[in-house]
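J.: Numbering (full-length UniProt numbering), first residue to last: 1 to 207.
The beta carbon of each residue, even a glycine, is placed where N, CA and C say it ideally should be.
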Amino acid sequence: MQNEVEMVSMTADEISKAEKLFRTKFINSLAGIRQVVLIGTKSNDGQENVAIFNSLIHLGAHPPLLGFISRPDSVERDTLRNIKESESYTLNFVHKKWLKEAHQTSARYQKEESEFEAVGLKPEYLGQCLAPFVKESAIKVELKLKQILNIEINKTIMVIGQIECVHLPKDRLAKDGLVDPTDLLLSGGLDAYYDSDFLDQLPYAKP
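1) Quick one: what's GLN162 bridged to in DSSP?
2) So, at 8 Å on beta carbons, what are the nonlocal neighbours of ALA138 in its own chain, with the 5 sequence-adjacent residues on each side left out?
3) In or out: ASN154 buried (at least 16 other Cβ within 10 Å) or exposed?
4) With a CB to CB cut of under 6 Å and the five nearest residues on each side skipped, what residues in its chain are close to ILE33?
5) For ARG23, which residues from the same chain have a beta carbon less than 8 Å from its beta carbon, with the 5 sequence-adjacent residues on both sides left out?
6) State the DSSP-derived secondary structure class of ARG34, mapped to helix, strand or coil.
7) Does DSSP classify ILE27 as helix, strand or coil?
8) Figure out for me which residue from VAL141, ALA31, LYS20 and GLU152 has the closest Cα to the Cα of PHE165.
9) Give me, in chain order, the residues of the same chain whose beta-carbon lies closer than 6 Å to that of LYS25; leave out the 5 immediate sequence neighbours on both sides.
10) Can you tell which of GLY46, VAL134, ALA102 and GLN35 has the C-alpha that lies nearest to the C-alpha of SER196?
11) For THR79, which option in ASP200, THR182, ALA131 and ALA61 has the closest C-alpha, if you only look at C-alpha atoms?
12) Let me check understanding here. Comparing Cα to Cα, which of THR182, ASP176, GLU6 and ALA192 lies closest to PRO203?
13) LEU38 and ILE52 - do their beta-carbons sit closer together than 8 Å?
14) Check this for me: beta carbons of LYS135 and LEU65, under 8 Å apart or not?
15) How big is the Cα-Cα spacing for TYR125 and ILE27?
16) Does ASP197 have its Cβ less than 8 Å from a Cβ in chain D?
17) Nearest CA to the CA of ALA61: which residue from ALA107, GLN201, PRO181 and ILE160?
18) Between which two residues does the alpha helix (DSSP H) harbouring ALA51 extend?
19) Could you check which residue in ASN82, GLU152, LYS100 and SER88 has the C-alpha nearest to that of LYS144?
Pasting the structure below:
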């Protein structure tokens, strides 16, 4: 007979009274493993910025829209401010080999400091995009700001952008449009990172 699994139950009241860092990691990791991207921006005075996010959301393909969540702007948020100023930003997918450099971009550097220089990544400019890409990234996406939604319940902000251009290796793009995420970094919670394994691609489901 198998041993019973010991269970833990936490009520909303117990969660709200838990230590802040525990509560934040607990709820964040409940959302599951998500794609990690570095968002590249540039201020109107020319200061480059790059920061890690794990809240990328697919919103639709016609037009091609992607969203992400920014924390409340009660303190200075360089990424959000730069996107509002220029309406241009980039998404750069992270290879697992440089996860430490990517994670380090979450540190609170001064406005005049470049995270590119601080963590050892290189900015790259492609086409007419005003914002910098991450040169080391295999999959790079240029976006134009379309809408900012203020979420009143907790003062977070959803930033919605329309894809202007995608740069990726030919061998990562299948004939049916599927993008290969092999070796790209995933995140669960605030500081836990994972690799991805392909299981199967199934046909379109019909009754």
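T.: From the atom records:
1) For GLN162, which the question treats as bridged, DSSP gives the partners LEU65 and LYS144.
2) Hits under 8 Å: PHE93, HIS95, LEU168, PRO169, ARG172 and LEU184.
3) Here ASN154 is exposed: its Cβ has fewer than 16 other Cβ atoms, across all protein chains shown, within 10 Å.
4) Same-chain partners within the cutoff: LEU186, GLY188 and TYR194.
5) Around ARG23: ILE15 and SER16.
6) ARG34 falls in the strand class under three-state DSSP.
7) In the structure shown, ILE27 sits in a helix (DSSP, three-state: H, G or I).
8) The sequence shown places Cys at residue 165, rather than the Phe named in the question. Out of VAL141, ALA31, LYS20 and GLU152, VAL141 has the C-alpha closest to the C-alpha of CYS165.
9) Within the same chain, Cβ atoms closer than 6 Å to the Cβ of LYS25 are found at GLY189 and LEU190, the five residues on either side in sequence being excluded.
10) For SER196, the closest C-alpha among the options GLY46, VAL134, ALA102 and GLN35 is that of GLN35.
11) Among ASP200, THR182, ALA131 and ALA61, the Cα nearest to that of THR79 belongs to ALA131.
12) Closest option to PRO203, judged by alpha-carbon separation, among THR182, ASP176, GLU6 and ALA192: ASP176.
13) The Cβ-Cβ distance between ILE52 and LEU38 falls below 8 Å.
14) With respect to LEU65, LYS135 sits apart: the two C-beta atoms are not nearer than 8 Å.
15) Per the coordinates, the alpha-carbon of TYR125 lies some 37 Å from the alpha-carbon of ILE27.
16) Although the question refers to chain D, the structure presented lacks it and comprises just one protein chain.
17) That would be ILE160, whose Cα lies nearest to the Cα of ALA61.
18) For ALA51, there is no enclosing alpha helix (DSSP H); the enclosing beta strand (DSSP E) has its first and last residue at 48-53.
19) Restricting attention to ASN82, GLU152, LYS100 and SER88, the CA atom closest to the CA of LYS144 is found in SER88.
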